[in-house]
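Numbers in the numbering used here are just positions in the sequence shown, counted from 1, shifted up by 795. Glycine is no exception: its CB is placed at the ideal position from the N, C-alpha and C atoms. Just so you know, these numbers come straight off a predicted model, no measurement behind them. Quick notes on the structure that follows.
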Amino acid sequence: MHVLSPTVFSILLRVSLSLADTCADTSSLVPFLRAFSGSENDHFYTTNVSEMKNDALAGGVYVFEGESAFLWPTPEPGTVPMFRLYNQNSSDHFYTMSSDEVPEMMNAGWAYDTAPNHTAGYVYPYSICGAAPIYRLFDPTSVDHFYTMDVVESQNAVQAGYQDQGIAGFAILPSANGTVVQSSAIPYLLPSTITASPESQVSATTSSSCANVANAVPLLRAYSIGGTDHFYTTNLTEMNNSVAVIGYSFEGDATFLWPTQEASTVPLYRLWSFSSSDHFYTIDKNEVSEALAQGFAFDTEAQNVGYVYPYSICGASPIYRLFSSFGSDHFYTMNQAESMSAPGYVLEGIAGYALLPSADGQRQTSASPFLLPLSLEVLPVSITLSPIPAFTTSIAIDTGSPSGLPSTAGVQSTVSRHVVLGVTALVAFWIAS
């Protein structure tokens, strides 16, 4: 197996960042249609309705499963191509945004498919403007690559024998939790401005699985040079005290989360180590236990700094977690460029998912959350449906949700506080060969 070269990824990231002064045109989004062939053991994806109808479905070999994502048919600011290849011997369609993977897969028997410009469409290479992950999985037995934005479906696929190969790219959700929609899906999009109030950025129709965006509050960020410590709190009085008395420097609003538990959210625990002068935040109870055993302690009565999503839902974006062994400091940011360039820090993975403070996750002062509207007028796609059974294995997480919603979120497990989280590391694009 191989990983995407950090050098190549950095170049790709810099190119996309140079283009990402604005978000891609959401009016140009098209559905990423998904079909499956039981006889060929192959998942097929295309934005071309005619290709899906006349080629994939006409012969009865493939069965249409629905609209799995929304992406762009042509290049847009900040986007990169998702290449499409096919292996005739194993009857497997393969999609990747890594130009390094293309020749490697060709050497393994794949070739460019019939898609124009060899691409299935254009996606973001990281989370920006509310784009969510497209999870990539692979079944080595049937030789089938499978792509989904539904984290529960991805975890269930792993239970059924697929391997988790990381994130194929970032696109727009077809539904609040990424579940494939069989027809006329509505993309979960971001508005083009962050100056509006939270209430004005969503439609009157709300989703029972999404937290109430009107209740989102800023997570304030500060840094102590003397203590080499990043500190985060939603409490303005506490922040003012840390700046005026303790000597921290206020750095802005890092993200937006919820002060009390809401639908689908989990606590982001807050701990403190006096010996290492380090604040530590995690949604993983196992990490909490490990941290407590290593000298950390809860430093608030509530034991948490707020509530976040444990996976990408309702347009929530990743909070990247980094660690500096030199400074014994945990650092959290929603800005991918900052996470890649923080000197002396190592990316540990994703701490949780919350609302962006700006289009690219850059910290702000007095920001409004970059939120999702819950409706958008789009042209329907008309296809005769023949659904197949979906994976049904449930992945449990103790959310303690007051709404009584089923706990099916698959949280990326962690090894230790100082180890890279393989499942969530953004650059983990694996090849099974």
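Original post:
Which two residues bound the contiguous beta strand (DSSP E) that contains residue 1086?
Top reply: Within the sequence shown, residue 1086 is the residue found at index 291, counting from 1. Unbroken run through residue 1086 is the alpha helix (DSSP H), 1080-1088; no beta strand (DSSP E).
**OP:** Could you have a look at residue 821 and say whether DSSP puts it in helix, strand or coil?
**Re:** Counted from its first residue, the sequence shown places residue 821 at position 26. Here DSSP, grouped into helix, strand and coil, assigns residue 821 to helix.
**OP:** Give me whichever residues DSSP pairs with residue 1016 in a beta bridge.
**Re:** As a working mapping, residue 1016 is identified with position 221 in the sequence shown. Bridge partners of residue 1016: 1027 and 1047.
**OP:** Tell me where the alpha helix (DSSP H) around residue 1107 begins and ends.
**Re:** Indexing the sequence shown from 1 puts residue 1107 at position 312. Looking at the DSSP string, residue 1107 is not in any alpha helix (DSSP H), and its letter there is neither H nor E.
Original post:
Quick one, are the C-beta atoms of residue 881 and residue 850 less than 8 Å apart?
Top reply: By 1-based counting over the sequence shown, the position of residue 881 is 86. By 1-based counting over the sequence shown, the position of residue 850 is 55. Between residue 881 and residue 850, the CB-CB gap reaches or exceeds 8 Å.
Subject >> Nearest residue (CA-CA) to residue 887, options 935, 1109, 854 and 865 >> reply: Against the sequence shown, residue 887 aligns to sequence position 92. When C-alpha distances from residue 887 are compared across 935, 1109, 854 and 865, the shortest belongs to 935.
**OP:** Could you check how far apart the C-beta atoms of residue 1048 and residue 1158 are, in whole angstroms? I think they sit under 8 Å.
**Re:** Your numbering for residue 1048 matches position 253 in the sequence shown. Your numbering for residue 1158 matches position 363 in the sequence shown. Contact between residue 1048 and residue 1158 holds, with the beta-carbon distance rounding to 6 Å and staying under 8 Å.
Original post:
Is residue 911 helix, strand or coil by DSSP?
Top reply: In the sequence shown, the residue the question calls residue 911 occupies position 116. DSSP places residue 911 in the helix class (H, G or I) of the three-state scheme.
Original post:
Does the ligand FAD have a heavy atom nearer than 7 Å to the CB of residue 936?
Top reply: The ligand FAD is absent from the structure shown, which contains no ligand whatsoever.
Original post:
How many Å lie between residue 1076 and residue 868 at the Cα?
Top reply: Here residue 1076 is taken as the residue at index 281 of the sequence shown, counted from 1. Here residue 868 is taken as the residue at index 73 of the sequence shown, counted from 1. So the alpha carbons of these two residues sit roughly 39 Å apart.
Original post:
Got a sec? Which residues, its chain only, sit under 8 Å from residue 1018 by beta carbon, not counting five neighbours each side?
Top reply: Taking the first residue of the sequence shown as 1, we reach residue 1018 at position 223. Same-chain partners within the cutoff: 1024, 1025, 1026, 1043, 1044 and 1046.
**OP:** Could you check if residue 1160 is buried or exposed, using at least 16 other CB atoms within 10 Å of its CB as the buried criterion?
**Re:** For the purposes of this step, residue 1160 is identified with residue 365 of the sequence shown, where counting begins at 1. Residue 1160 counts as exposed, since fewer than 16 other beta carbons sit within 10 angstroms of its beta carbon.
Subject >> Range covered by the alpha helix (DSSP H) that runs through residue 898 >> reply: The sequence position of residue 898 within the sequence shown is 103, counting from 1. Run containing residue 898: 896-902, per the alpha helix (DSSP H) assignment.
Original post:
Ends of the beta strand (DSSP E) at residue 1056?
Top reply: Taking the sequence shown and counting its residues from 1, one reaches residue 1056 at position 261. Unbroken run through residue 1056: none, as it is neither H nor E.
Original post:
Is residue 1117 closer than 8 Å to residue 1134 when the C-beta atoms are compared?
Top reply: Working through the sequence shown from its first residue, we reach residue 1134 at position 339. Working through the sequence shown from its first residue, we reach residue 1117 at position 322. The Cβ-Cβ distance between residue 1134 and residue 1117 falls below 8 Å.
Original post:
Should residue 929 and residue 889 be called a contact, given that it needs their Cβ atoms to be closer than 8 Å?
Top reply: Sequence index remark: in the sequence shown, residue 929 carries index 134 (1-based). Sequence index remark: in the sequence shown, residue 889 carries index 94 (1-based). With respect to the 8 Å criterion, residue 929 and residue 889 are not classified as neighbours on the basis of their beta carbons.
Subject >> Reduced DSSP category for residue 1034 - H, G, I as helix; E, B as strand; rest coil >> reply: On the sequence shown, residue 1034 is found 239 positions in, with the first residue counted as 1. Note: residue 1034 maps to helix in three-state DSSP.
Original post:
Between residue 1037 and the rest of its own chain, which residues show a CB-CB distance below 7 Å, the 5 nearest in sequence each way excluded?
Top reply: As a working mapping, residue 1037 is identified with position 242 in the sequence shown. For residue 1037, same chain residues with a beta-carbon under 7 Å away, outside a window of 5 residues either side, are 1017, 1026 and 1043 in chain order.
Subject >> Collapsed DSSP secondary structure at residue 1159 in the structure displayed >> reply: If you number the sequence shown from 1, residue 1159 lands on position 364. In the three-state scheme derived from DSSP, where H, G and I count as helix and E and B as strand, residue 1159 is classed as strand.
Original post:
Tell me which same chain residues have a C-beta within less than 6 Å of the C-beta of residue 904, skipping the five on either side of it?
Top reply: For this step, residue 904 is matched to residue 109 along the sequence shown. Only 882 and 884 meet the Cβ criterion.
Subject >> Cβ neighbours of residue 1039 in the same chain (closer than 6 Å, five flanking residues each side left out) >> reply: Sequence index remark: in the sequence shown, residue 1039 carries index 244 (1-based). Hits under 6 Å: none found.
Original post:
Ordered along the chain, which non-local residues of its own chain (more than five positions away) have a Cβ less than 7 Å from that of residue 1092?
Top reply: Numbered from 1 along the sequence shown, position 297 holds the residue referred to as residue 1092. Taking residue 1092 as the centre and dropping the five residues before and after it, the same chain places the C-beta of 1066 and 1067 closer than 7 Å to its C-beta, in chain order.
**OP:** My understanding is that residue 1129 touches residue 1050, with C-beta atoms under 8 Å, so please give their C-beta distance in whole angstroms.
**Re:** As a first step, residue 1129 must be located in the sequence shown, where it is residue number 334. As a first step, residue 1050 must be located in the sequence shown, where it is residue number 255. Residue 1129 to residue 1050, Cβ: 5 Å. Contact.
Original post:
Measuring CA to CA, which of 1150, 1125 and 1146 is closest to residue 1138?
Top reply: Locating residue 1138 in the sequence shown gives position 343, where the first residue counts as 1. The residue among 1150, 1125 and 1146 with its C-alpha nearest the C-alpha of residue 1138 is 1125.
Subject >> Closest residue to residue 860 among 846, 877, 838 and 853 (Cα-Cα distance) >> reply: Position 65 of the sequence shown, counted from the first residue, corresponds to residue 860. Out of 846, 877, 838 and 853, 838 has the C-alpha closest to the C-alpha of residue 860.
**OP:** Over the uninterrupted alpha helix (DSSP H) stretch that includes residue 950, give me the two end residues.
**Re:** Stepping through the sequence shown from its first residue, residue 950 is reached at position 155. First-last of the alpha helix (DSSP H) with residue 950: 946-954.
**OP:** Just confirm the distance between the C-beta atoms of residue 1100 and residue 1078, as a whole number of angstroms; I'd bet it's less than 8 Å.
**Re:** Position 305 of the sequence shown, counting from 1, holds the residue named residue 1100. Position 283 of the sequence shown, counting from 1, holds the residue named residue 1078. At roughly 11 Å, the Cβ-Cβ gap does not stay under 8 Å, so residue 1100 and residue 1078 are not in contact.
Original post:
Out of curiosity, what's the CA-to-CA distance linking residue 844 and residue 852?
Top reply: Here residue 844 refers to the residue found at position 49 when the sequence shown is read from its first residue. Here residue 852 refers to the residue found at position 57 when the sequence shown is read from its first residue. Those two C-alpha atoms are separated by around 11 Å.
Original post:
Taking the alpha-carbon positions, what's the residue 912 to residue 897 distance?
Top reply: Here residue 912 is taken as the residue at index 117 of the sequence shown, counted from 1. Here residue 897 is taken as the residue at index 102 of the sequence shown, counted from 1. Straight-line Cα distance between these residues: approximately 13 Å.
**OP:** Could you have a look at residue 1135 and say whether DSSP puts it in helix, strand or coil?
**Re:** Counted from its first residue, the sequence shown places residue 1135 at position 340. Residue state, collapsed to three classes: helix.
**OP:** Closer than 8 Å by C-beta to residue 1102: which residues in its own chain qualify, once you throw out the five before and the five after it? Chain order, please.
**Re:** Numbered from 1 along the sequence shown, position 307 holds the residue referred to as residue 1102. Result list for residue 1102: 1006, 1052, 1053, 1054, 1055, 1056, 1057, 1060, 1061, 1062 and 1063, in chain order.
**OP:** Select from 854, 871, 831 and 856 the residue whose C-alpha is nearest the C-alpha of residue 1302.
**Re:** The shown model of the chain, from 796 to 1228, leaves out residue 1302, and the question about it has no answer.
**OP:** With a 10 Å radius around its C-beta and 16 neighbouring C-beta atoms as the bar for buried, classify residue 1131 as buried or exposed.
**Re:** Sequence index remark: in the sequence shown, residue 1131 carries index 336 (1-based). The residue is buried, with at least 16 neighbouring Cβ atoms inside 10 Å.
Subject >> Cβ neighbour criterion (16 or more within 10 Å) applied to residue 1009 >> reply: On the sequence shown, residue 1009 is found 214 positions in, with the first residue counted as 1. Flag for residue 1009 reads exposed.
Original post:
Pick from 1069, 1096 and 927: whose alpha carbon is nearest that of residue 1145?
Top reply: Along the sequence shown, one-based indexing puts residue 1145 at 350. Among 1069, 1096 and 927, the Cα nearest to that of residue 1145 is on 927.
Original post:
Does the beta-carbon of residue 865 have 16 or more other beta-carbons within 10 angstroms, so that it is buried, or is it exposed?
Top reply: Translated into positions along the sequence shown, residue 865 becomes position 70. Answer is buried; the Cβ neighbour count reaches 16.
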